[in-house]
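Trainee:
Number of protein chains: 2
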Amino acid sequence: MAGSSSDRLTESLKPFFFPRRIAVVGASREKGSIGARVLDCLRSGGFSGSIIPVNPHADVIDGLPAVPSLLAIPNPIDLAVIAVPAHLALSVIDKCAARLVPAVIMIAAGFAETGERGAGIEQELRTKIQQHGLRLIGPNCFGVMNLDPTIRLNATYTPVLPPFGPVSIASDSGGIGATVIMAAQRLNIGISTYVSLGNHVDVTVNDLLEYWEQDVTTQVILLYLETIPDPRRFRQLAERIGRRKPIIALKAGRTTAGQSAAGSHTAALATNDWAVDALFSQCGVIRVSTLEEWLALAMAFSNHRRPAGRRVGILTNSGGAGVLCADSCEKEGLVVPLLPPSVSATLASFLSPLAAPNNPVDVIGLATEEQHAAATETLLGSDALDALIILYLSINVADNDQAAAGIIRGIRAARLAGSRKPVYLCWMAESDRDRHFTVDGEVIPTYHAPDIPALVIRRLLSYEAWREQSVEDVRLPPARELPQLDVSQAKAVCAKALAERGPGWLTTEEVQALLGTVSVPLLGRLTTDPDEAVQAAETIGYPVAVKLASRHILHKTELGTVCLNLTDGQVVREAFHTIKDRLAQAGKLDLMDGVLVQPMVSGGMEMLVGATRDSHFGPLIAVGLGGIHVELLGDVRFGLAPLTNHDVSRMIRNLNGYPLLTGYRGRPAMDVGGLEDVLIRMSYLVEAIPDISQLDLNPIIVLPDSQGCKVVDARVLVQAPFEH
Amino acid sequence: MAGSSSDRLTESLKPFFFPRRIAVVGASREKGSIGARVLDCLRSGGFSGSIIPVNPHADVIDGLPAVPSLLAIPNPIDLAVIAVPAHLALSVIDKCAARLVPAVIMIAAGFAETGERGAGIEQELRTKIQQHGLRLIGPNCFGVMNLDPTIRLNATYTPVLPPFGPVSIASDSGGIGATVIMAAQRLNIGISTYVSLGNHVDVTVNDLLEYWEQDVTTQVILLYLETIPDPRRFRQLAERIGRRKPIIALKAGRTTAGQSAAGSHTAALATNDWAVDALFSQCGVIRVSTLEEWLALAMAFSNHRRPAGRRVGILTNSGGAGVLCADSCEKEGLVVPLLPPSVSATLASFLSPLAAPNNPVDVIGLATEEQHAAATETLLGSDALDALIILYLSINVADNDQAAAGIIRGIRAARLAGSRKPVYLCWMAESDRDRHFTVDGEVIPTYHAPDIPALVIRRLLSYEAWREQSVEDVRLPPARELPQLDVSQAKAVCAKALAERGPGWLTTEEVQALLGTVSVPLLGRLTTDPDEAVQAAETIGYPVAVKLASRHILHKTELGTVCLNLTDGQVVREAFHTIKDRLAQAGKLDLMDGVLVQPMVSGGMEMLVGATRDSHFGPLIAVGLGGIHVELLGDVRFGLAPLTNHDVSRMIRNLNGYPLLTGYRGRPAMDVGGLEDVLIRMSYLVEAIPDISQLDLNPIIVLPDSQGCKVVDARVLVQAPFEH
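Quick note, the sequences are listed as chains A and B, same order.
So the first sequence is residues 1 to 724, counted in this note's numbering.
So the second sequence is residues 1001 to 1724, counted in this note's numbering.
Here is the structure:
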C-alpha cells in the first residue's frame, strides 16, 4: 500500500510529533504574548525533551536559559516553533536552514489571510521552504500536540490537555481546533495528535493522512477543512486509509457558486459544495455539518465496539426521554424491537411494578443502583438487540451516583459474561453533565441529548456498510472494457471547433459526432430544408419528432420549436415551416442550424446526465430525473471523475426517484446498467478532454430491460481549460 | 376574546398557582421518599404561604406540626399535594371534597400508565373529580411551580429553582419537565409557571393555555406533549393565544401509523404525525424536534427584541467559527451582507491589522476588551443589519472576562444610542460554558454552538411572518359563498350506499353522484356495454379515454385497463373488449362495474387531492403532485378540516412542485384558485359527512388560467364513524 515515497514523507513529519529538542523563537517574558503562552504550554504539558527559548533581549525566560539566536544553539534542533511577527519570520527561516532544523511550526499570522501584502510574504516563505527542503506547519496556525505519554508535546498556546487516546485531528482553523481540544477534555475523548494547519504553505491535510496511516496510536481521524488541497490525492488517500481509520470531516465554507452564464442545468446545480459531497461519498469520508455531530462521532468511533445491526434497545428512567429517543431511532432508520417475552419477564422480576419492562424499558425515576445494574446487564445480554442506548435523566442530583454506579456495574457484568454489544449513554443530569464513564478501560460514549445516540448509530452502520464493500471490487473500468470508445476522435472534434470558432457551444452536427465517438449517440438526423426533413422522417419511420437545432437557443420547448408525434410527411413539412416561422418572429432566424428529425421514444424514463468542470475539483458528473423536475425537486446526484463502478451505482441508487427505474408499480424495469455505462463513458470523455467545459444529455431516455439509453437532446460547451 | 366561561376556568386554576395554604398529604420523614422531597422543595423554595404536612404517623415533620388527616385541619385549604400511593389516593380525594379543597396535585403514579388495573383506578378518580367538582393536576406527575416572587411555589420534587421570567411550561413527561427546569437555571431562562400534566385526568394543556392567556407574567409558552387532547379546542386556543404569546411545542411519539388496509395514497401518507404537523402549522404553533432547539427558542423568544429582516451581522474572534456560522445562516435562508464601506472603515480604525473588518467580522483571538466593545457597538449601530450574532471562542480561559466585559459594554452603549437590534451570543468557552449575559435587565440569548443562532433567527422570522397575517383575513368560507354545494344530497348518497351494502367503496356511479353534489364532478360517462361506450364517446367528442370502472380494483393502469387517446368508435369498441378480456384473464370479471368514457384532458397539471379520517384528529385533507411522484417523492401537504382560506393557500404554496403551477418556464399558469376551491369543498364534504372515511381525487388535473380542475379518477370509502 504505502510505497517508499510514503515512508519518506512520514519520516519527514516525525520531528513535528517526536522532537527531542525544541527551540521556541520569540519566547517572551511578556505575559499573554503568544511567545510566552507557547513556552508555558510546552513546559506545563510535561514535554519530555529539552526546550530552548530564543530571545535576543533576555538571558533567562521563565527560569530557562535563553539564547539570543538560533545560530547560538550548539546542539542539533529537531523542531523550531516560531512565534515572531510575519515580517521577522522569513529571516528566522534562513537561520533554521543554516542550523539544519528539519521542521518548523510557524504560529505567526499576517500572511495571505490579511490580503495582498501578506500573500507576497507567504509566497516568499513558500519559496524559501522549498529551497531549503525543510518542512513547515502554518503559518497562521495554533500549533501541534502529541499526547503520547512518552513525549507529551504541547506546542500550542492552550494549556488544556485532553486525555491520550485514538483520535488525531487536523484543523484549518486554529480556533476550531482549540475548541475541539478543550471539548475533548470535557467529553473524555482520547486524543493522539493534533495539528493546526493554518495557511498550509507546506504540510497539508494529505501529508497528515499519510502520516496517520503509519501512526499506530491514531485510529480515528478528525478533519476541519475550509479547502481541500489536491482533491485527487485526498480522494486516493482517504479511500485507502479510511477503511482502517474512519475519517470524520467538518467541511465549512459552503458557498453558493455563481451560476454558469450559459445557464446549464448541471452547472447551476453543481456548486462547489456538491463537489465536496461527491468527493466525500466517493472516498467514504464521514461528513458532518456541526461541531456537535463531529464530537459525537469522534466519541463513538473511538470505542472499537460497533453495532452489528439496526436493532436498538432503549433503557431509560424517564418515559419522556425514552419516547424522544425512540422517535430519533425511527427517524434514523433504526428499529426499536419488542423484547422477547423472557427478557421482559426477567426485567419485570426485579424492576418496580410501576416500571415498563418493554422497549423502551422505563426503570422509573426512583430506580435503585441494583435495578440500573440488572436492567443494563439483562439488555446487553439479549440476542434480540444490536446496541443499547441508556438514558438517565436526573431529577435530583443526589440520585446520580447510584445510577452511574449501577450502569457501570451492569456494563461490567455484561462484558464479563461475553456481551460485545456497544452501549451509548445519554446522561441528562444538569448539574453533573461532565461525568465520564469508563468501564475497565472501555470509554463509554456519553451524550447529553436523547436524539444523539440514534444519529451516531446510523452513522456507524453506514460507515461499516461502506467499509464492507470489497476494495477489490471498486474499479475504474479500463477503456478496453468499454467497446466503441474513441477518445482521440472525440478530441479532434473539440479541437477543431475551438480552432475554428473559439470557445462556445458545439453545433448539433459536432455534438452528434462527439457523442458518436463514445457510442452514446444523439438520436436523429440533422436536416436543413423541408424536403430533407421529410426524407429523414421516411427513413426513420413515423411517428417522428421534429425539433429546432441551434447551438445558441436553450429553451426550445418554451419557444414552441419542438413538434412531437408527427405521423406523415405533410405534418413534418409543416413543422419545419412552423419552427422557422417561430424563430423568424423571435428575430432569431440566423441562430437556426436546421431541424433534428428523431424517432419518437416511448416507454422509457426521462433522465438527465451532465458534466461540468469545477476549477478546483475537476470534472463533476451529474445524474438525475429528467425534465423540469430536476431543477425544481433537486433529485440529482453528483460524482467526481473518474467515476468507478461503485460511484455510478451509488449515484443512481441514491436518487429519490430510483424506484421508478426498477419496475415501479407494474412498469417495466429500466436499463440501469445501460445508464451506468453512459455515466462511465461521460466520465472518460470529460477526463480525457479538458476542452469540454460543460456537457448536458437532457433528456436521455433510459429504456426498459437491456435496450440501453437514447439521448434526445444534448449540448456541449468547449473552452480551452485555462479560460474556465 | 375570552368570555365568562374562560374567566371561570381561569379562576378555577388559580389555587394551583396562588395558594395561601397547602396541605401535603403523604408528607414523610423518610429521606428520599416523594413525600419528604415535596415538603423539602416547598420549604426550601421559600413559599410565602403556610404548609401543613398530613401524616397519620407523625406529629412533627421537619420541624412543622403535622396533622393525621385532612379532616383534622381547621382552616380552609387552597391546594392539596397528594404524594401517597395510588391505592390510597381515592380516599384522600373524598377527604379533599369533604374539606372543600378546590385544587389537588396528585403526584402518585400507578394509574393508567401501568396497565388495566391502574386504568380502572384512574377511571374511578375521574368520576370522583367530576362528582366533587374539584380541579386536579396529574396523577403520575411531577408537580407545579410558580416562580412569581410574591408566591415562590415549588410543589415538585426537584429543589432546583430557575430565575423568574416570562416562560410558562406544560409537560406530559415529569422527567422532561424537570430537565427543562434544571436547564433553565443553567441557561438563565426566566420561568413563570411550570405544570407537569401527568395523565391529565382533569386539567389539560388546553385549560392551561386559557389560564396563561390571562396570566400577565406568561409571555412565552413551552409545551412537551405526547398527546393532544381535544385537537379542535387546542387549534382554536393556540391560534388565538399564540399571536400574543408564542407557543413552542416539542411533540414526541411520532409513530408510523399502520397503512390503511385499502392502501389509499392519502391514508398511507397521513400518519398521525402528519396530522400533528398540519395542526401546528394551521394554528401557528412553533414545532421543534429536539430538546436543544426547544430551549434555544425559549431563550430567544424570552427576549422581546426580534429581527426586522434577514440581514445578519457576524462578529467573531475566530475565522473558523465565523465560517461555520455563515454557513448556517445561508442554510437557514438568511443573508450575511457586505458591510457598508463606512462601517468597515470604522472597524478597521480600531481593530488589529490582522483582523477582518468584513462580514463576518473577525476581531482575532487576542482582541482586547475595548475592541470587543467597539466592534459590538459599531455593528449594532449599522442600518445594514437586522440582527447581530457574536461568536466568542475561548483559547485561554484567562481571556474570557475581558471579552465578556467588552461585549456587554458594546451592547449597553448601542442600546443607549438607540439600537433596537437583537443580539444572539454563541459563547464557545469550554471551561466557562454557563456564563450569563444580562445587560441592564435585558437577558441576551446565549448559545454554545455556532449553528444555533441562525436557526433561532429563522424561526423568529417565520413566527413574525405568521403573526403578521391579519387575523380578520383568516376565514372558513361559509357554505353560502360556495355555489352549488349540496351537502344534504351528498349525505343521502353515502347513507344509501351504507344502508344497501354496508361499509365499503362507493360505485363509480355513486362517486359521480357524490362529487356532483359539491360541483367537483368526476369526468366522463359510465357505460356498461360497447355500444353505449361508443355512443358516449361520440357525444363527448374524440379523442377519448376508456377506463375500467370498478370499485374493487385499485391499480387500473397496471392491469392494462386504461386506454388513452382513442380516436374513433372502432377503437373505443375494441378498448371495451380489451378491458373485459384483461379482467377475465385476471379472473376478476365479476368486479367490473362498466367502463368510464372520458374526454382526454391535456395541458394541465396532474395533482392529487385526498381526505382521510384520523380517529383522534378528524378529517385530514391532502394535496400533492399527482401520478407516481406523490408516493415516491412525498411532495404532499396536509391540513386538518375545517380548512381556512389561509390553510389551502399555504398547503398548495408549500409544495416543492408549486412553481409548476405558476407558469414555470413558459408554461401557462394553472388555476390555483380553482384548486383551492376544490380543497375547501372537500373539507366541507368530509366535515359534514362522518360516513366518508376516505376520499381520493387522483389524479385531478388543474387546468391553465381560470379553467378550473378536472377529476379524472376518484374513490370514496364509506364507513359508519364508529367502525373507523
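Note that the Cβ used here is the ideal one computed from N, Cα and C, for glycine as well.
Alpha carbon to alpha carbon, how far is residue 1016/B from residue 1202/B? Give it in angstroms, no decimals.
Mentor: Near 13 Å, if we compare the C-alpha coordinates of residue 1016/B and residue 1202/B.
Trainee: Going by CA-CA distance only, name the one from 1150/B, 1638/B, 1110/B, 1152/B that's closest to residue 977/B.
Mentor: Past the boundaries of the shown model lies residue 977/B; chain B is included only from 1001 to 1724, so the question cannot be answered.
Trainee: Taking 8 Å as the threshold, find out whether the region 1495–1513 of chain B comes into contact with the region 1713–1721 of chain B through three or more Cβ pairs.
Mentor: Cβ pair count under 8 Å is three or more, so yes.
Trainee: Hey, could you find the ends of the beta strand (DSSP E) residue 1050/B is sitting in?
Mentor: Residues 1050–1054.
Trainee: Is it the case that the region 1334–1343 of chain B contacts the region 1408–1421 of chain B, given that we only count it when at least three CB pairs across the two stretches are under 8 Å?
Mentor: The region 1408–1421 of chain B vs the region 1334–1343 of chain B: no contact.
Trainee: Which residue wins for smallest C-alpha separation from residue 1167/B, given the options 1277/B, 1212/B, 1382/B?
Mentor: Nearest of 1277/B, 1212/B, 1382/B to residue 1167/B, Cα basis: 1212/B.
Trainee: Determine the direct distance from the alpha carbon of residue 227/A to that of residue 140/A, and round the result to whole angstroms.
Mentor: Rounded to the nearest angstrom, the two C-alpha atoms are 15 Å apart.
Trainee: Which residue spans inside the region 1294–1332 of chain B form an unbroken beta strand (DSSP E) run of at least 3?
Mentor: Runs found: 1312–1316.
Trainee: Please list the terminal residues of the continuous beta strand (DSSP E) segment that includes residue 1696/B.
Mentor: That run of the beta strand (DSSP E) goes 1692–1702.
Trainee: Assuming residue 1241/B contacts residue 1317/B (C-beta within less than 8 Å), just tell me the rounded distance between them.
Mentor: About 41 Å; that fails the 8 Å criterion.
Trainee: Report the rounded CA-to-CA distance for residue 1200/B versus residue 1456/B, giving the unit in angstroms.
Mentor: Distance between the alpha carbons of residue 1200/B and residue 1456/B: 31 Å.
Trainee: Work out the CA separation of residue 1063/B and residue 1057/B for me, nearest whole Å.
Mentor: Residue 1057/B and residue 1063/B: Cα-Cα distance of roughly 15 Å.
Trainee: Once DSSP output is grouped into helix, strand and coil, what is the label at residue 18/A?
Mentor: Three-state DSSP puts residue 18/A in coil, outside helix and strand.
Trainee: Contact criterion: CB-CB distance below 7 Å. Does residue 1434/B meet it with respect to chain A?
Mentor: Chain A contact via Cβ: absent.
Trainee: Taking only beta-carbon positions, decide if residue 1081/B is within less than 7 Å of chain A.
Mentor: Taking Cβ atoms only, chain A never reaches closer than 7 Å to residue 1081/B, which makes this a no.
Trainee: Against chain B, with Cβ distances strictly below 7 Å, would residue 173/A count as a contact?
Mentor: By this cut-off, residue 173/A is an interface position.
Trainee: Since residue 1606/B is in the beta strand (DSSP E), which residue starts that stretch and which ends it?
Mentor: Here the beta strand (DSSP E) through residue 1606/B covers 1605–1614.
Trainee: Excluding sequence positions up to five away, which residues of its chain have a Cβ less than 8 Å from the Cβ of residue 66/A?
Mentor: Closer than 8 Å at the Cβ level, and outside the excluded window around residue 66/A, lie 27, 52, 53, 54, 55, 58, 59, 60.
Trainee: Per DSSP, residue 1442/B forms a beta bridge with which residues?
Mentor: Answer by DSSP bridge pairing, in chain order: 1439/B.
Trainee: Starting from the Cα of residue 660/A, find the closest Cα among 642/A, 445/A, 604/A, 673/A and give me that residue.
Mentor: Cα-wise, what sits closest to residue 660/A is 604/A.
Trainee: Roughly how many angstroms separate the alpha carbons of residue 1253/B and residue 1656/B, rounded to a whole number?
Mentor: For residue 1253/B and residue 1656/B, the distance between alpha carbons rounds to 26 Å.
Trainee: Can you list, in chain order, the residues of its chain whose CB lies under 8 Å from that of residue 295/A, leaving out five sequence neighbours each side?
Mentor: 180, 183, 184, 187, 189.
Trainee: Could you tell me the distance, in whole angstroms, from the CA atom of residue 1408/B to the CA atom of residue 1367/B?
Mentor: Taking the straight line joining both Cα atoms gives about 15 Å.
Trainee: With 7 Å set as the bound, which would you pick, yes or no: does the beta-carbon of residue 318/A sit closer than that to a beta-carbon of chain B?
Mentor: Closer than 7 Å: yes.
Trainee: Just verifying my parser: in three-state terms, what is the DSSP assignment at residue 146/A?
Mentor: In the structure shown, residue 146/A sits in a strand (DSSP, three-state: E or B).
Trainee: On the DSSP bridge assignment, give the partners of residue 65/A in chain order.
Mentor: In the DSSP output, where bridge partners are listed per residue, residue 65/A has 60/A.
Trainee: Using a beta-carbon distance cut-off of less than 7 Å, what residues from the region 13–26 of chain A approach chain B?
Mentor: Result list empty, no residue passes.
Trainee: Taking 7 Å as the threshold (C-beta atoms), are residue 1081/B and residue 1155/B in contact?
Mentor: Going by C-beta atoms, residue 1155/B is nearer than 7 Å to residue 1081/B.
Trainee: For residue 1463/B, which residues in the same chain have their Cβ closer than 7 Å to its Cβ, ignoring the five residues on either side in sequence?
Mentor: Only 1246, 1286 meet the Cβ criterion.
Trainee: For residue 539/A, I'd like the list of residues in its chain whose CB is within less than 8 Å of its CB, leaving aside the five on either flank, ordered along the chain.
Mentor: 525, listed in sequence order.
Trainee: Indicate whether at least one CB of chain A lies closer than 7 Å to the CB of residue 1468/B.
Mentor: By this cut-off, residue 1468/B is not an interface position.
Trainee: Quick one, are the C-beta atoms of residue 315/A and residue 380/A less than 7 Å apart?
Mentor: In this structure, residue 380/A does not lie closer than 7 Å to residue 315/A by Cβ.
Trainee: Counting beta carbon pairs with one atom in the region 1578–1595 of chain B and one in the region 1616–1623 of chain B, are three or more of them shorter than 8 Å?
Mentor: Touching, no.
Trainee: Along the region 1554–1570 of chain B, what residues have a CB closer than 9 Å to any CB found in chain A?
Mentor: Within the region 1554–1570 of chain B, the residues whose Cβ lies closer than 9 Å to some Cβ of chain A are 1555, 1557, 1558, 1559, 1560, listed in chain order.
Trainee: Listed in chain order, which residues of the region 647–658 of chain A have Cβ atoms closer than 7 Å to some Cβ of chain B?
Mentor: Flagged, chain order: 656, 657.
Trainee: Does the CB of residue 180/A have a neighbour CB from chain B at under 7 Å?
Mentor: It does not; no Cβ of chain B falls within 7 Å.
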